Amino acid sequence: MPLLVMKFGGTSVADLARIKNAAQKVKREVERGYDVIVIVSAMSGKTNELVGWVEQTSPLFDAREYDAVVSSGENVTAGLMALTLQEMEVPARSWQGWQVPIRTTSQHSAARFLEIPRENIDAKFAEGFKVAVVAGFQGMSPEGRITTLGRGGSDTTAVAFAAAFGAERCDIYTDVDGVYTTDPRIASKARKLEKIAYEEMLELASLGAKVLQTRSVELAMRYKVKLRVLSSFEDTDETSGTLVCDEEDIMESKVVSGVAYSRDEAKMTLVTVEDRPGVAAAIFGPLAEAGVNVDMIVQNISEKDYGSHPGSVTDMTFSCPINQVARARKALEDAKAAGTIVYDDLVVDTEVAKVSVVGIGMRSHAGVAATMFKALAADGVNIKVIATSEIKISVLIDRKYMELAVQALHDAFALETAN
Ligand code: ADP
Ligand code: ASP
Ligand code: MG
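Listed below in C-alpha cells is the structure:
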C-alpha cells in the first residue's frame, strides 16, 4: 500500500469542528488508496497553557516533568482524531509516542529521534487499520521517561515518520497555504512560493519562520523526504501548497528569497570582562551547561588598563531566547560567585528582535549586506548586532521596529515579484 504522512498543526485541530475537517481530508486520501499516518499537534493554545502552568509552578523547572506535562496536549488530539475517523467509518487508532515506541535521546524539551520502529504500526495496517494517528512532539528516552522535541516539534515527528515508513509524501497542513517570502501575517506583500530549497527553508526556519520546525527540514533534507506545506482550511490537491525540494529543482533566480524574524530575543552584555585566553570558554561553557541557546556573539575591541582591572578588558555581548534570560543570568552569576569569570555588570535588554534575509543566491552575489543596511537606515532602524553566514544576514534591532524592518527588507529585495 502506498503511504502518506499528513500532519495537522494546532490551529487545524483547534476545536472539534476543525478536527472533523482535518479527518475529512484524511478520509479522502484513504479513499484514494493510501494508508495514512496522521501526526497531530495539541489544540491551538494548549501547549502554551501547559508551559505556563509549568513555569508558574516551578520557574527553573525539572525538564523531565516539563515534558510530562507539556506532551499531554497531543495525546488529547490524537484520541479525538482517531474517534472522529472511526465515526466516519475509517479504521483508525491513536498512538502515543511510547506505544510506537518513538525512541529519542534524553535531552528533555529538545530531544532528538533515535529510532522509530515500524513493527507495531505495520502490524495494525496489516490487520486492516487504514490510519495510525500519532501524537506529535513526543517520544521516550532510553530511561523510559517522556520527552518532547522542542516547540513546533510535531513537524519533525511528521518528517521522521515519513522517512521511517518510506512515505510517498509528507504533507504539513497548517493555517497558511504555503511557505511565503516572509510571514504573510506581518507583510501583506508576502508572496507564496511554489517551491523552496531545503537549505533556504532550513535557514528561514532556524531564523524564526515557524511554519516548519528547523529540525524537520534538516531531516527532510537528509532523508530526501518530499515535504509539502499546505492549507488545512482550503480544498487542496496534489499541486497545492509549497514543495520543499532540492536546489536544482527551482527556477527562481532571486538573490534573496525570504525574510525571517524572531521576536522573542534578548541581548545580554557582560561589562568589563578580562580579555585573556579562556575567557570566552569560561563564559559560554556554563551557559551551555545551563541549556542556554546562545545565538549571536560580539566581543568589543579591548581597552587597556580600564578602571579597577589591570591588563586588557572587553565587553562581551550575546543574544539568546528571552525565556532563557533567567537561566543565563543565574549561570553567569554563579560563575562570578565561583570566581571563574570576572565582570563588573550584566546588562540585559529584553526589547530586541532579530530580522534576517536568506537566499542561496547570496553565495555568488555581493552587495546584499549593503542593500540591507541601507534599507534599514532609510527607515531609521538602528542595528545592534550583525551576524552573517554563507546564505544569510541577521541583525538584532529594537523589537518595536521589527515589522517595519521586515517590510522594508521585503521591499528592498523586491520579493513581491518572482523574478
Ligand atoms: P501549526 O500550528 O500549523 O504548526 P505554526 O503557527 O507553527 O502552525 O506555523 C504557521 C505560521 O507560520 C503561519 O501562521 C505564519 O504566521 C507563520 N510564518 C512565519 N513565517 C512564514 C513564512 N515565511 N511562510 C508562511 N508562514 C510563515
Ligand atoms: N504543540 C507543540 C507546540 O505548540 C508542538 C507542535 O505544535 O508542533 O510547540
Ligand atoms: Mg508549528
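For the sequence shown, counting from 1, position 265 maps to 967 in my numbering; every step adds exactly one.
For each residue, glycine too, the CB sits at the ideal point set by N, CA and C.
All of these numbers come straight from a predicted model, not from anything done at the bench.
Ligand 1 heavy atom lying under 7 Å from the CB of residue i
| i | result |
| --- | --- |
| S714 | yes |
| A911 | yes |
| P1023 | no |
| G960 | yes |
| R887 | yes |
| T876 | yes |
| T884 | yes |
| L851 | no |
| L1117 | no |
| L906 | yes |
For residue i, three-class secondary structure by DSSP
| i | result |
| --- | --- |
| L895 | coil |
| P844 | coil |
| Q798 | coil |
| T1119 | coil |
| M790 | coil |
| M703 | coil |
| S890 | coil |
| V913 | coil |
| S1004 | coil |
Check: residue i C-beta below 7 Å from any heavy atom of ligand 2
| i | result |
| --- | --- |
| T743 | Just to set this straight, residue 743 is Ser in the shown sequence, not Thr. True, at least one ligand heavy atom lies under 7 Å from that Cβ. |
| T1090 | no |
| E776 | yes |
| F839 | yes |
| T749 | yes |
Distance cut-off 7 Å: residue i Cβ against heavy atoms of ligand 3
| i | result |
| --- | --- |
| L879 | Note that residue 879 is Asp in the sequence shown, not Leu. No - ligand 3 has no heavy atom lying nearer than 7 Å to the Cβ of D879. |
| D857 | yes |
Contact belief for residue i with residue j at Cβ below 8 Å, rounded distance in angstroms
| i | j | result |
| --- | --- | --- |
| E902 | G1069 | E902 to G1069, Cβ: 19 Å. No contact. |
| E967 | S1021 | 5 Å |
| M745 | G712 | 6 Å |
| V1050 | V1027 | 6 Å |
| T779 | K722 | In fact, because the Cβ distance is near 12 Å, the residues do not count as touching under 8 Å. |
| T749 | T806 | Not quite, the Cβ-Cβ distance comes to about 18 Å (not below 8 Å), so this is no contact. |
| K1056 | L909 | 7 Å |
| K928 | C872 | 7 Å |
| S1096 | M998 | 7 Å |
| R887 | E1118 | No, R887 and E1118 are not in contact; Cβ-Cβ is about 16 Å, not under 8 Å. |
| I1132 | G838 | Within the shown structure, residues of the chain are numbered from 703 to 1121, placing residue 1132 beyond reach of any answer. |
| S918 | V878 | That belief does not hold up - the Cβ atoms of S918 and V878 are roughly 16 Å apart, past 8 Å. |
### Message
Please give me, in chain order, every unbroken run of the beta strand (DSSP E) with length at least 3 that falls completely inside the region 806 to 886.
### Response
815 to 817, 833 to 837, 840 to 842, 848 to 850 and 871 to 876
### Task
Using the beta-carbon of each residue, find all residues closer than 5 Å to any heavy atom of ligand 3 and list them in chain order.
G711 and G854
### Task
Please go through the region 1029 to 1112 and give each complete beta strand (DSSP E) segment of 3 or more residues, from N-terminal end onward.
1047 to 1060, 1087 to 1091 and 1094 to 1100
#### Entry: Uninterrupted beta strand (DSSP E) stretches inside the region 920 to 1002 (no shorter than 3 residues)
929 to 933, 944 to 947, 960 to 976 and 999 to 1001
### Query
Which runs of the alpha helix (DSSP H) fall wholly inside the region 721 to 787 and span at least 4 residues, in chain order?
748 to 759 and 765 to 772
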